[in-house]
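As structure tokens, the structure follows; a few thoughts come after it.
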Amino acid sequence: MSRQLDDERLTAVGLFFETAAGLENALGRQLDSYGLPRVWLEVLLRVGRSPGGQLRMSDLAAQVALSPSGLTRAVDKIEEAGLVTRVSCPTDRRRAFVQLTDVGRERLDSIIPTHLTHVEESFTGLLSPAELARFTATLRKLRDHLNPGAPQVSPECPS
Numbered sequence: 205m206s207r208q209l210d211d212e213r214l215t216a217v218g219l220f221f222e223t224a225a226g227l228e229n230a231l232g233r234q235l236d237s238y239g240l241p242r243v244w245l246e247v248l249l250r251v252g253r254s255p256g257g258q259l260r261m262s263d264l265a266a267q268v269a270l271s272p273s274g275l276t277r278a279v280d281k282i283e284e285a286g287l288v289t290r291v292s293c294p295t296d297r298r299r300a301f302v303q304l305t306d307v308g309r310e311r312l313d314s315i316i317p318t319h320l321t322h323v324e325e326s327f328t329g330l331l332s333p334a335e336l337a338r339f340t341a342t343l344r345k346l347r348d349h350l351n352p353g354a355p356q357v358s359p360e361c362p363s
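Per the working numbering, numbering of the sequence shown is gapless, rising by one per residue and ending at 363.
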């Protein structure tokens, strides 16, 4: 067997992919209890955690694992469900934002306690606070290099 196959870099990336798949499976089983598709929850969380409870579509696209057209279709369905609304910027019509509705905020608020319990059981509870802080910092470093548009959040639309 080639010594290259024993390279720790291959081990690291393989473990990362295996862990991500395992976490997605573990949390995915719990998502049924929320009554929302995983992508919907991801969109609601990202929009809800953004300043003013709104996020520009282009920023949201950089943060979720969807193509721009896939994101548009997902937001269309979430909007039809009354959980988000699209808001145009009156001073710049090219800037479209997704904003949580009151119903969306209530739905998200009702899901968060159970979701945090699932996250704790499947993931963060296995790490000490120091390990979690280091892991989060490492993930940010990797994300910022591999997906530099993701941490960028455009300011709210000026009135």
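Note that beta-carbon positions come from the ideal geometry of N, C-alpha and C, so glycine has one too. Owing to the predicted nature of the structure, the values given are computational and were not obtained by experimental measurement.
Relative to the C-alpha of residue i, which residue among the options is closest?
i, options, result
"Val323", "Asn229, Arg207, Glu222 and Glu212", "Asn229"
"Arg309", "Leu249, Cys293 and Leu343", "Leu249"
"Gln234", "Arg207, Asp280 and Thr321", "Thr321"
"Met261", "Gly252, Arg253, Pro272 and Pro255", "Pro272"
"Ala399", "Leu350, Thr305, Ser332 and Leu270", "The question about residue 399 has no answer, for the chain in this structure spans 205 to 363."
"Leu350", "Trp244, Ala269 and Gln258", "Ala269"
"Val307", "Val288, Leu214, Leu336 and Arg299", "Val288"
Would you decide whether residue i is buried or exposed? Buried here means 16 or more other CB atoms lie within 10 Å of its CB.
i, result
"Arg311", "buried"
"Phe301", "buried"
"Ser292", "exposed"
"Ser314", "exposed"
"Ser237", "exposed"
Tell me the residue span of the alpha helix (DSSP H) that contains residue i.
i, result
"Thr289", "Looking at the DSSP string, Thr289 is not in any alpha helix (DSSP H); the run it does join, the beta strand (DSSP E), is Val288 to Cys293."
"Asn229", "Glu212 to Leu235"
"Thr328", "Careful: Thr328 lies outside any alpha helix (DSSP H) and carries neither H nor E."
"Arg347", "Pro333 to Leu350"
"Arg242", "Arg242 to Gly252"
From which residue to which residue does the beta strand (DSSP E) around residue i run?
i, result
"Arg260", "Gln258 to Arg260"
From the DSSP output, read off the bridge partner residues of residue i.
i, result
"Gln267", "BP columns for Gln267 are empty, so no partner."
Helix, strand or coil for residue i per DSSP?
i, result
"Leu304", "strand"
"Arg277", "helix"
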